[in-house]
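Take a look at the structure set out below.
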């Protein structure tokens with residue numbers, strides 16, 4: 002059988018291999034059809050310094066996601082992967098699309114990579130991090146936060162493997178890779 006499509010919702014960078022550039026390349030190399038949705042266009046990874054951010058206006062982003070929800074090919078989708086959001090308001094549109102995909106294909110998987118920061122701190126606005134934590138993490142089947150992101154979402158330091166494991170178990174998704 003043909004592999005099911007994956008909708009990848011994340012950043013697009015001009016330089017580097019993160020966000021949609023990395024995910025689309027990897028998934029297509031593995032033979033998966035990919036529907037790529039950019040949440041923001043950046044010149045480079047935001048951890049490399051401040052730069053221009055081109056974020057689609059929220060009404061246009063919502064309209065694009067609604068179009069995907071009603072696409073006649075939605076049944077081809079077997080997974081949704083979300084990563085870096087351009088703004089917190091995008092989380093509701095992502096959640097709505099995940100719901101539509103799962104309504105059409107109940108065994109579809111939602112993977113949330115809550116890209117928000119690293120040991121240097123948040124590199125998204127706090128409202129965006131909150132939206133990922135409160136809106137997307139609870140509906141994820143699989144989540145892939147880094148240690149900093151898990152600490153931020155837990156609201157406390159995670160100094161050892163035992164506390165990381167406890168926070169991961171408490172975070173919601175049944176499968177978590179930290």
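Residue numbers (our numbering): 2 to 179. From the three backbone atoms N, C-alpha and C, an ideal C-beta is built for every residue, glycine too. None of the values given here were measured: they were computed from a predicted structure.
Asked, Found
"Applying the criterion that 16 or more other CB atoms from any shown protein chain within 10 Å of the CB defines a buried residue, is residue 11 buried or exposed?", "buried"
"Can you check whether the CB of residue 175 is closer than 9 Å to the CB of residue 143?", "yes"
"If we count the other Cβ atoms within 10 Å of its Cβ and call it buried at 16 or more, is residue 61 buried or exposed?", "exposed"
"Tell me the DSSP bridge mates of residue 144?", "113, 177"
"Excluding the 5 residues preceding and the 5 following residue 19 in the sequence, name in chain order all residues of the same chain whose CB lies nearer than 6 Å to its CB.", "46"
"Checking 9 Å against the spacing of the C-beta atoms, do residue 133 and residue 158 come in under that value?", "no"
"According to DSSP, is residue 40 part of a helix, a strand, or is it coil?", "strand"
"Per DSSP, what are the beta-bridge partners of residue 83 in this structure?", "10, 113"
"Can you tell which of 63, 33, 124, 121 has its C-alpha closest to the C-alpha of residue 82?", "33"
"May I ask you to report which of helix, strand or coil DSSP gives residue 159?", "coil"
"Would you kindly work out how many angstroms separate the C-alpha atoms of residue 126 and residue 88, rounded to a whole number?", "8 Å"
"Closest by CA to residue 49, which one among 161, 118, 65, 150?", "118"
"Determine whether the Cβ of residue 9 lies closer than 9 Å to any Cβ atom of chain B.", "Although the question refers to chain B, the structure presented lacks it and comprises just one protein chain."
"Quick one: residues in its chain with C-beta nearer than 8 Å to the C-beta of residue 44, no 5 flanking neighbours on either side, listed in chain order?", "14, 15, 16, 52, 53"
"Please classify residue 32: does DSSP put it in a helix, a strand, or coil?", "coil"
"Taking DSSP as the reference, what is the three-state secondary structure of residue 119?", "strand"
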